[in-house]
Amino acid sequence: MSDKIETVQVAGAHLEVSWTGNGQLSRYPAVWLRDHCHAARSMNQSSHQRSVDTFSIPETLAPAAVRMDAETVFVTWPGEAEESVYPVSFLQDMAEPGLWTEDRPKSLWMAADIEETLPEVPHAAVMKEDGDGLAEWLELVDRHGFALVTGVPATPEATEELLKRVGYIRQTIFGGFWDFTANKAFADTAYSTVEIGPHTDGTYAIDSPGYQAFHCLEFDGTGGESIFVDAFKVAEVIREQDPEAFEVLASVPVPAQYKGDGVHLMAENPVIGLDRDGGLRKITYNNYDRAPFRLEDSRQAAFYRSLGLFNRLINDPAYQLRFGLRPGTVVLFDNWRVLHAREAYEGHRRLCGAYHNKEDVLSKLRLLHNRG
Ligand SMILES: [Fe+2]
Numbered sequence: 003m004s005d006k007i008e009t010v011q012v013a014g015a016h017l018e019v020s021w022t023g024n025g026q027l028s029r030y031p032a033v034w035l036r037d038h039c040h041a042a043r044s045m046n047q048s049s050h051q052r053s054v055d056t057f058s059i060p061e062t063l064a065p066a067a068v069r070m071d072a073e074t075v076f077v078t079w080p081g082e083a084e085e086s087v088y089p090v091s092f093l094q095d096m097a098e099p100g101l102w103t104e105d106r107p108k109s110l111w112m113a114a115d116i117e118e119t120l121p122e123v124p125h126a127a128v129m130k131e132d133g134d135g136l137a138e139w140l141e142l143v144d145r146h147g148f149a150l151v152t153g154v155p156a157t158p159e160a161t162e163e164l165l166k167r168v169g170y171i172r173q174t175i176f177g178g179f180w181d182f183t184a185n186k187a188f189a190d191t192a193y194s195t196v197e198i199g200p201h202t203d204g205t206y207a208i209d210s211p212g213y214q215a216f217h218c219l220e221f222d223g224t225g226g227e228s229i230f231v232d233a234f235k236v237a238e239v240i241r242e243q244d245p246e247a248f249e250v251l252a253s254v255p256v257p258a259q260y261k262g263d264g265v266h267l268m269a270e271n272p273v274i275g276l277d278r279d280g281g282l283r284k285i286t287y288n289n290y291d292r293a294p295f296r297l298e299d300s301r302q303a304a305f306y307r308s309l310g311l312f313n314r315l316i317n318d319p320a321y322q323l324r325f326g327l328r329p330g331t332v333v334l335f336d337n338w339r340v341l342h343a344r345e346a347y348e349g350h351r352r353l354c355g356a357y358h359n360k361e362d363v364l365s366k367l368r369l370l371h372n373r374g
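So for the sequence shown, my numbering puts the first residue at 3; every next one is plus one.
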């Protein structure tokens with residue numbers, strides 16, 4: 003659609019805008035328009051918070067007059083001395099009725115699609131003040147579900163500084179920024195050297211961590227390769243090949259719990275969380291942490307069959323991207339999409355990292371995207 007208005011006129015209780023070019027029409031109802039007035043008396047100019055009293059707007063409101071210049075449409079209301087103002091760009095954004103959406107395309111992958119050229123950005127670029135390197139890193143994470151930063155000094159301080167550029171670090175029962183060797187400090191298997199199968203973290207959290215970062219600071223041993231699985235890819239394969247299993251995985255709320263270390267955390271989510279349009283929103287899977295629950299017999303059997311299919315695919319090497327995390331390389335991944343796993347290892351390993359909340363990283367992405 004054009005970004006210029008050809009004509010604007012009052013049409014009963016609507017404002018009618020005709021866009022240049024194809025003559026497409028947009029019709030904005032008066033109550034909605036009054037509620038979205040951009041003038042200082044209706045919207046706080048620094049916080050963008052609404053200050054108009056929505057509930058005093060009469061349902062029968064109709065515009066009294068309208069005028070425009072190149073950038074702005076001005077509407078006069080009956081009984082109001084001051085005009086309402088609307089940037090043309092705002093009217094363009096709202097040209098059609100529709101729920102709020104953001105278009106952030108994803109590239110779903112199997113191991114062979116991505117293992118030759120892992121998405122990565124050099125540390126020096128990410129730390130530059132211009133924000134270009136940081137934007138590139140977060141855009142890669144958004145598209146592929148993970149991305150690396152290379153050449154990071156192998157210290158907790160440098161890692162924490164890097165991760166704080168992404169957003170503030172989330173506090174959990176494990177603390178904020180963490181730095182550990184296998185030491186059994188917590189009951190969780192992450193604090194051991196045994197193999198850990200593919201999972202998402204925080205299945206027992208009502209708002210599970212949106213992102214997780216790892217940096218292996220020291221490694222002297224064998225094994226311990228990291229494994230990442232694009233569970234969005236797995237979910238789409240299941241949707242296509244076994245719609246019945248997809249339906250079960252997308253609708254049975256699975257409870258999870260963390261019991262120990264002075265807490266008893268619980269939450270429930272389907273394995274495959276969908277958005278309102280049926281797109282993939284959030285994968286929640288950790289078979290170790292699944293809490294007891296019981297379904298009707300036929301549903302129970304379908305649940306085990308569907309979960310079995312999911313488990314088979316995420317453990318299929320074709321879906322598993324494997325690499326050794328080594329000092330100097332930080333991986334940031336989308337914990338609502340990419341499962342992580344670890345082979346058993348022997349020797350000494352020191353790992354540090356952090357969680358970020360989903361909305362904080364997306365906020366950073368928006369700000370970086372709009373910084374120009
Ligand atoms: Fe984990």
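Built from N, CA and C at the ideal position, the CB exists for glycine as well. Please read these numbers as outputs of a predicted model, since none were measured by experiment.
CB-CB length for residue i against residue j, believed under 8 Å
{"i": "T152", "j": "P124", "result": "6 Å"}
{"i": "V332", "j": "A215", "result": "6 Å"}
{"i": "V168", "j": "K366", "result": "6 Å"}
{"i": "S53", "j": "S44", "result": "6 Å"}
{"i": "A356", "j": "F179", "result": "5 Å"}
{"i": "N289", "j": "N271", "result": "Wrong, their Cβ atoms sit about 14 Å apart, outside the cutoff."}
{"i": "V175", "j": "R324", "result": "It is Ile, not Val, that sits at residue 175 in the sequence shown. No, I175 and R324 are not in contact; Cβ-Cβ is about 29 Å, not under 8 Å."}
{"i": "A41", "j": "A64", "result": "That belief does not hold up - the Cβ atoms of A41 and A64 are roughly 18 Å apart, past 8 Å."}
{"i": "L219", "j": "L353", "result": "7 Å"}
{"i": "N317", "j": "D203", "result": "Not a contact, Cβ separation roughly 18 Å."}
{"i": "A66", "j": "T78", "result": "5 Å"}
{"i": "T103", "j": "E348", "result": "Incorrect: roughly 49 Å between the Cβ atoms, too far for contact."}
{"i": "V90", "j": "Q11", "result": "Actually they do not touch by this definition, with Cβ atoms about 15 Å apart."}
Start and end residues, alpha helix (DSSP H) containing residue i
{"i": "F312", "result": "D299 to I316"}
{"i": "F234", "result": "A233 to Q243"}
{"i": "F92", "result": "V90 to D95"}
{"i": "G135", "result": "D134 to H146"}
{"i": "V123", "result": "That residue, V123, is in no alpha helix (DSSP H); its beta strand (DSSP E) goes E122 to P124."}
{"i": "S1", "result": "Shown here, the chain extends from 3 to 374; a query on residue 1 therefore has no answer."}
{"i": "L323", "result": "Per DSSP, L323 belongs to no alpha helix (DSSP H); it is in the beta strand (DSSP E), Q322 to F325."}
{"i": "T161", "result": "P158 to V168"}
{"i": "A114", "result": "A113 to I116"}
{"i": "V32", "result": "Before going further, note that residue 32 is Ala rather than Val in the sequence given. A32 -> alpha helix (DSSP H) spans A32 to D37."}
Member of the options whose CA lies at the smallest distance from the CA of residue i
{"i": "G226", "options": "E117, A127, I198 and A303", "result": "I198"}
{"i": "Y30", "options": "L136, C39 and R301", "result": "C39"}
{"i": "Q322", "options": "S58, V75 and W111", "result": "W111"}
{"i": "Y206", "options": "G262, V231, A346 and E220", "result": "G262"}
{"i": "S86", "options": "G212, F76 and D291", "result": "F76"}
{"i": "V273", "options": "V265, L267 and E249", "result": "E249"}
{"i": "A346", "options": "G223, E270, Q26 and S58", "result": "G223"}
{"i": "P107", "options": "L282, Q302, L369 and E348", "result": "L282"}
{"i": "V254", "options": "M3, V363 and L276", "result": "L276"}
{"i": "V340", "options": "R52, F325 and V143", "result": "V143"}
{"i": "Q173", "options": "G212, E159 and H146", "result": "G212"}
{"i": "L364", "options": "D299, E82, W139 and G204", "result": "W139"}
{"i": "Q243", "options": "F176, V265 and L311", "result": "L311"}
{"i": "Q259", "options": "K235, T286, K166 and A237", "result": "T286"}
{"i": "K284", "options": "E117, G330, I208 and A137", "result": "I208"}
{"i": "G23", "options": "K6, L17 and Q11", "result": "K6"}
{"i": "A15", "options": "E162, T195 and T62", "result": "T62"}
{"i": "T161", "options": "H217, Q302, T183 and A237", "result": "H217"}
{"i": "H350", "options": "L369, L334 and R328", "result": "R328"}
{"i": "P257", "options": "E238, S210, I240 and V236", "result": "S210"}
{"i": "P1", "options": "P80, E141, F221 and L334", "result": "The structure shown does not extend to residue 1, since the chain spans only 3 to 374, so no value can be given for it."}
{"i": "D291", "options": "H146, L297 and H266", "result": "H266"}
{"i": "E73", "options": "Y88, A83 and E84", "result": "Y88"}
Proximity test, residue i beta-carbon vs ligand 1 heavy atom, cut-off 7 Å
{"i": "D232", "result": "no"}
{"i": "H217", "result": "no"}
{"i": "D203", "result": "yes"}
{"i": "H50", "result": "no"}
{"i": "H342", "result": "yes"}
The beta strand (DSSP E) enclosing residue i, as first and last residue numbers
{"i": "W21", "result": "H16 to W21"}
{"i": "W180", "result": "W180 to T183"}
{"i": "R283", "result": "L282 to I285"}
{"i": "L219", "result": "Y213 to G225"}
{"i": "Q11", "result": "I7 to A13"}
{"i": "T78", "result": "T74 to T78"}
{"i": "I274", "result": "I274 to L276"}
{"i": "L341", "result": "V340 to R344"}
{"i": "D336", "result": "V332 to D336"}
{"i": "Q259", "result": "V256 to G262"}
{"i": "M268", "result": "V265 to N271"}
{"i": "G199", "result": "I198 to H201"}
CB contact below 8 Å: residue i versus chain B
{"i": "A127", "result": "No chain B appears in this structure, which consists of one protein chain only."}
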